[in-house]
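Each residue of the sequence shown is one higher than the one before, counting from 810 in my numbering.
Backbone N, C-alpha and C define an ideal beta-carbon position, used for all residues, glycine too.
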Amino acid sequence: MGLSEASGPRDTQVLLASRETMELKRPDYHMERPPLNQEQLEALGHWGPAPGTLQWRTWLQCSRARARALLLRHLPVLAWLPRYPVRDWLLGDVLSGLSVAIMQLPQGLAYALLAGLPPVFGLYSSFYPVFVYFLFGTSRHISVGTFAVMSVMVGSVTESLAPNEAFLQAPNSTVNETARDAARVQLASTLSVLVGLFQVGLGLVHFGFVVTYLSEPLVRGYTTAASVQVFVSQLKYVFGLQLSSFSGPLSLVYTVLEVCWKLPQSVVGTVVTAVVAGVVLLAVKLLNDKLRRHLPLPLPGELLTLIGATGISYGVGLKQRFGVDIVGNIPTGLILPVAPSPQLFTKLVGNAFAIAVVGFAIAISLGKIFALRHGYRVDGNQELVALGLCNLIGGIFQCFPVSCSMSRSLVQESTGGNTQVAGAIASLFILIIIVKLGELFQDLPKAVLAAVVIVNLKGMLMQFGDIRSFWKANRVDLLIWLVTFVATTLLNLDLGLAVAVAFSLLLVVVRTQLPHYSVLGQVPDTDVYRDVAEYLEAREVPGVKVFRSSATMYFANAELYSDTLKQKCGVDVDRLISQKKKLLRKQKLKLKQLQKDQLQTQAAASKGTSVFINVNTSDGDIKRNNVEGSKATQVSAGSDLEDAAASGQEGADAKAPDQSTLEALGLPQPDFHSLVLDLSSLSFVDTVSLKSLRNIFRDFREIEVEVYMAACHTPVVTQLEVGHFFDASITKQHLFASVHDAVVFALQHARSSQASSVLATKL
810 MGLSEASGPR
820 DTQVLLASRE
830 TMELKRPDYH
840 MERPPLNQEQ
850 LEALGHWGPA
860 PGTLQWRTWL
870 QCSRARARAL
880 LLRHLPVLAW
890 LPRYPVRDWL
900 LGDVLSGLSV
910 AIMQLPQGLA
920 YALLAGLPPV
930 FGLYSSFYPV
940 FVYFLFGTSR
950 HISVGTFAVM
960 SVMVGSVTES
970 LAPNEAFLQA
980 PNSTVNETAR
990 DAARVQLAST
1000 LSVLVGLFQV
1010 GLGLVHFGFV
1020 VTYLSEPLVR
1030 GYTTAASVQV
1040 FVSQLKYVFG
1050 LQLSSFSGPL
1060 SLVYTVLEVC
1070 WKLPQSVVGT
1080 VVTAVVAGVV
1090 LLAVKLLNDK
1100 LRRHLPLPLP
1110 GELLTLIGAT
1120 GISYGVGLKQ
1130 RFGVDIVGNI
1140 PTGLILPVAP
1150 SPQLFTKLVG
1160 NAFAIAVVGF
1170 AIAISLGKIF
1180 ALRHGYRVDG
1190 NQELVALGLC
1200 NLIGGIFQCF
1210 PVSCSMSRSL
1220 VQESTGGNTQ
1230 VAGAIASLFI
1240 LIIIVKLGEL
1250 FQDLPKAVLA
1260 AVVIVNLKGM
1270 LMQFGDIRSF
1280 WKANRVDLLI
1290 WLVTFVATTL
1300 LNLDLGLAVA
1310 VAFSLLLVVV
1320 RTQLPHYSVL
1330 GQVPDTDVYR
1340 DVAEYLEARE
1350 VPGVKVFRSS
1360 ATMYFANAEL
1370 YSDTLKQKCG
1380 VDVDRLISQK
1390 KKLLRKQKLK
1400 LKQLQKDQLQ
1410 TQAAASKGTS
1420 VFINVNTSDG
1430 DIKRNNVEGS
1440 KATQVSAGSD
1450 LEDAAASGQE
1460 GADAKAPDQS
1470 TLEALGLPQP
1480 DFHSLVLDLS
1490 SLSFVDTVSL
1500 KSLRNIFRDF
1510 REIEVEVYMA
1520 ACHTPVVTQL
1530 EVGHFFDASI
1540 TKQHLFASVH
1550 DAVVFALQHA
1560 RSSQASSVLA
1570 TKL
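Below, the structure written as structure tokens:
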């Protein structure tokens, strides 16, 4: 070991030395070509607009192949089930389905209580949606059904619109649980139908990209806050307390305060039951983690805990002797479908959209993870349609909104599940429980179900470790996580999601408004240009400034782009332009005053002209000479005025170009003659950015700096043409294929201009 460690650096030095020798022997490739502006590039590459296609024509085409493709696309089970390898995959799917069903039974019962509904409706929600997803889903490994985050979102709706206080019976002030549960079931099923309609509609219009606005920090912060909400909602079952129903902002705070206030009223038997069940569940989970490699299937700790707790409760009589609250009546058999209540749509529309987006975001994120791991593709829009049908059909059969569970999906994958056949088997197992075995769990303590929920929150509660990882990786993502968590915890789940999305989009706007601006320099012996502040060897090209922004320029940051450009160039452009205009106005006034003085001088000279008369002439000659002399005087005076005016105008025209330059005006000149705008980061242009670019050309030309643009993408060039950016003063000859081409042309143009000016001076 020591020999290898000692020889490691020596081998590295030998490799580096051989690499340097190879680089020295490598031939020096050199390429010469003239710089290409946009016009030359379009001519060389034969650029032209893409041929237009009428999309509606393809939509209206009908053929057997197209019909089959549409059927397989919207009913994916027909594509993979006929090719299902029974010998290879069936055993793994059966074992995986049984494992998932064993988890789905206690979670369905527990999450129904979380949604404020009787436990049997959790079993319904674990059957109908799972079978529907088997037909329409594209992910092979996610487990659709009840999920803690979705259940607590449903619970916040049912408890706010159907609180216990609305069902108090007058004589003894007790809650009419039958009427309350019926109202809540109607609310939850109607909410599920509305969620399904949203998801199906968004999927059919290919609106699956909406989840791109839910970044990973946002989703993780949201699910962490939801887990806190779930934990607090289960405290009343752990301690056996009767709490008021709070909804809206700060409802979590009020619930925690009431729990602390009523803690002395806790039922000891309920607390002991919850603690024992929680310890057993944690012990089984730890045992599964330790023996994962040796066990073909994980131990069904939740199912064993439910069976054991139900037997103990029935044998000991926990409800009668210790006051432990139990599940109660669980009806057997399926129920008939019930139409939703359209009158509730207006009350539920906001919550339904939030639940639809959150449920799809969780499902598609998990689906993509498993798809990348196992090498297949998940269709986001079809997943949206599949989840929508799960909720739509499930709502008709009295289910509440569902999504996919992280823990069950991991179990389905790790136990050998290959397709959604595992989900179908799990749903059939749940069907058997609904039809025959459901009534066996009537004596199950609710405290055990609360323990199941809390223990299953372990994975989401461990997401508090994101604070440390985001602190090291990206502080902005940490800010999104914290704002999402705090807003969701304090404002409730629906308002918290809205605040989180708004804050995330606001951060995007702010980050595009504050991009990194840099002056680029050429890396020696290359045509590569990099920020001179970051690369020590990068040198600015003498006489040329190259400016670049890390973000696209649009209406929100166009003014900042222009201001930073002028600041980075080291010249106060606006002040220089104002001084130039002021001096030019003074010159113009002086010229006008000079012309006026010349005209007055000529007029005065014409009036003072003397006429000489011969005294020996006659009276007729005198009169004749006076008339001719006056006419000659008038003609000569007029010609003198015209000559003076013409000579003044010619002098002004001849001197105007020279006197309008910065050097002639005595103003400081910029230390560069050309400005190159690197627009490679420009992804689109709007009217504000077009005006800003025009103003940049105008201002820098005022201070005798020629402006060029470089590295524009073809869509941006097209948008510049559509926006009528190019005209007689700004042509495509000012737009170059690369920064290096623009710099070379600027240097050539500056040399030719300097040579022509020297020649003009000599002439």
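Listed in chain order, the non-local C-beta contacts of Cys1208 below 6 Å within the same chain comprise Tyr933, Ser934, Tyr937 and Ser1001, local neighbours out to five positions each way being set aside. Its Cα nearest to that of Ala1231, the residue Gln1221 stands out among Ala1034, Arg1503 and Gln1221. The DSSP-derived three-state label of Tyr1338 is strand. Of the candidates Pro1324, Ser1212 and Tyr1517, Tyr1517 places its Cα closest to the Cα of Lys1541.
Taking C-beta atoms as the reference points, Val1020 and Ile911 fail to come closer than 7 Å. For His1103, the closest C-alpha among the options Thr1224, Gly1204, Ala1195 and Val1062 is that of Thr1224. Taking all protein chains shown into account, Gly1078 has 16 or more neighbouring C-beta atoms within 10 Å of its C-beta and is therefore buried. For Arg1101, the secondary structure class from DSSP, reduced to helix, strand or coil, is coil.
Contact between Phe943 and Val1014 does not hold, since their C-beta atoms are separated by about 25 Å, which reaches or exceeds 8 Å. Boundaries of the beta strand (DSSP E) harbouring Leu1486: Ser1483 to Asp1487, taken from the DSSP string.
Counting of Cβ neighbours within 10 angstroms places Lys1401 among the exposed residues, the total staying below 16.
By the Cβ neighbour-count rule, Asn1283 is exposed, with fewer than 16 other Cβ atoms within 10 Å of its own. Per DSSP, the beta bridge partners of Asn846 are Phe1545.
Remark: C-beta atoms of Ala1086 and Thr1064 do not approach each other more closely than 7 Å.
The beta carbon of Ile1276 lies closer than 8 Å to those of Leu1287, Trp1290 and Leu1291 in the same chain, with the five residues before and after it left out. Pairing Leu1237 with Gly1247, the inter-Cα distance amounts to about 14 Å.
The C-alpha of Ile1139 lies about 8 Å from the C-alpha of Leu1249.
The residues Ala1360, Thr1361, Tyr1363, Ala1365 and Asn1366, in chain order, have a CB closer than 8 Å to that of Thr1321 in the same chain once the five nearest residues on each side in sequence are set aside. Collapsing the DSSP output to three states places Met912 in a helix.
Your pair Thr967 and Ala991 does not check out as a contact, with CB atoms roughly 12 Å apart and the cut at 8 Å.
Bridge pairing for Gly954: Ser1212 [DSSP].
Pro891 counts as exposed, since fewer than 16 other beta carbons sit within 10 angstroms of its beta carbon. Note on the region 1140-1192: whole alpha helix (DSSP H) runs with a minimum of 4 residues are 1154-1183, in chain order. Look at the region 1337-1396 and you find these whole runs of alpha helix (DSSP H), each 4 residues long or longer: 1367-1377.
Between the alpha carbons of Lys1389 and Leu1544 lies a distance of about 28 Å. By the Cβ neighbour-count rule, His1549 is buried, with 16 or more other Cβ atoms within 10 Å of its own. For Glu1472, the uninterrupted alpha helix (DSSP H) segment begins and ends at Leu1471 to Leu1474. Sixteen is the threshold: when 16 or more other Cβ atoms of the shown chains lie within 10 Å of the Cβ of Thr1033, as they do, the residue is buried.
Around the beta carbon of Val1244, fewer than 16 other beta carbons lie within 10 angstroms, which makes this residue exposed.
Boundaries for Glu1515: no alpha helix (DSSP H) harbours it, while the beta strand (DSSP E) harbouring it runs Glu1515 to Ala1519, taken from the DSSP string. Here the alpha carbons of Val1167 and Tyr1123 stand approximately 39 Å from one another.
Leu1471 and Val1497 have their alpha carbons spaced roughly 30 Å apart. Residue Ser1218 holds the alpha-carbon nearest to the alpha-carbon of Ser905 among Ser1054, Ala1195, Ser1218 and Val1084. For Asp1480, the number of other beta carbons within 10 angstroms of its own is below 16, and it is reported as exposed. A direct Cα-Cα distance of roughly 29 Å separates Ile1116 from Met962. The beta-carbon distance between Gly1176 and Ser948, rounded to whole angstroms, is 4 Å. This is short enough to meet the 8 Å contact definition.
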